[in-house]
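Visitor: One structure coming up, written as structure tokens, with questions to follow.
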Amino acid sequence: MGQAGTSRLKALVDVGGDVQCQAVVPDTSRVFIAIGLGFHLECSHDEAPAVIRVQREALKTKVDAAAAQSASIRANIKLVEEGLRELMGLREPPPRRA
Numbered sequence: 657m658g659q660a661g662t663s664r665l666k667a668l669v670d671v672g673g674d675v676q677c678q679a680v681v682p683d684t685s686r687v688f689i690a691i692g693l694g695f696h697l698e699c700s701h702d703e704a705p706a707v708i709r710v711q712r713e714a715l716k717t718k719v720d721a722a723a724a725q726s727a728s729i730r731a732n733i734k735l736v737e738e739g740l741r742e743l744m745g746l747r748e749p750p751p752r753r754a
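Mapping of the sequence shown onto the numbering used here: residues 657 to 754, in sequence order.
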């Protein structure tokens with residue numbers, strides 16, 4: 657990408673399906689940041705880091721929640737496996753497949 661304050665920028669833009677076209681941005685003093693659901697936020701180069709910081713925090717929260725849910729599911733699976741093993745009268749757990 658170009659530098660902040662650059663008046664013009666040429667770039668390759670992915671238009672979908674691995675098809676790219678050349679684009680010219682006439683004014684690079686503002687940037688558009690995808691904020692979700694097809695919406696974009698127009699902001700200056702000075703405002704962009706704050707917006708990105710908020711997005712990163714939101715993504716980190718989602719990742720942490722998914723990790724906690726994954727750990728809970730794994731614990732439940734292990735509990736069910738142990739219960740089935742006890743009901744079947746098995747002493748040793750079967751070897752794990754890689």
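Positions of the beta carbon are idealized from the N, C-alpha and C atoms, including for glycine.
Does the Cβ of Gly658 have 16 or more other Cβ atoms within 10 Å, making it buried, or fewer, making it exposed?
Guide: Residue confidence for Gly658 is low, a pLDDT of 45 falling below 50, so the modelled location carries little weight and cannot support an answer.
Visitor: Quick check on Gly694: does DSSP put it in helix, strand or coil?
Guide: Residue state, collapsed to three classes: coil.
Visitor: Along the chain, where does the beta strand (DSSP E) containing Asp720 start, and where does it finish?
Guide: Run containing Asp720: none in the beta strand (DSSP E); it sits in the alpha helix (DSSP H), Ala704 to Met744.
Visitor: What residue range is occupied by the uninterrupted beta strand (DSSP E) comprising Gly673?
Guide: Unbroken run through Gly673: none, as it is neither H nor E.
Visitor: In this structure, what does DSSP give as the bridge partners for Arg686?
Guide: Looking at the DSSP assignment, Arg686 forms a beta bridge with Ser700.
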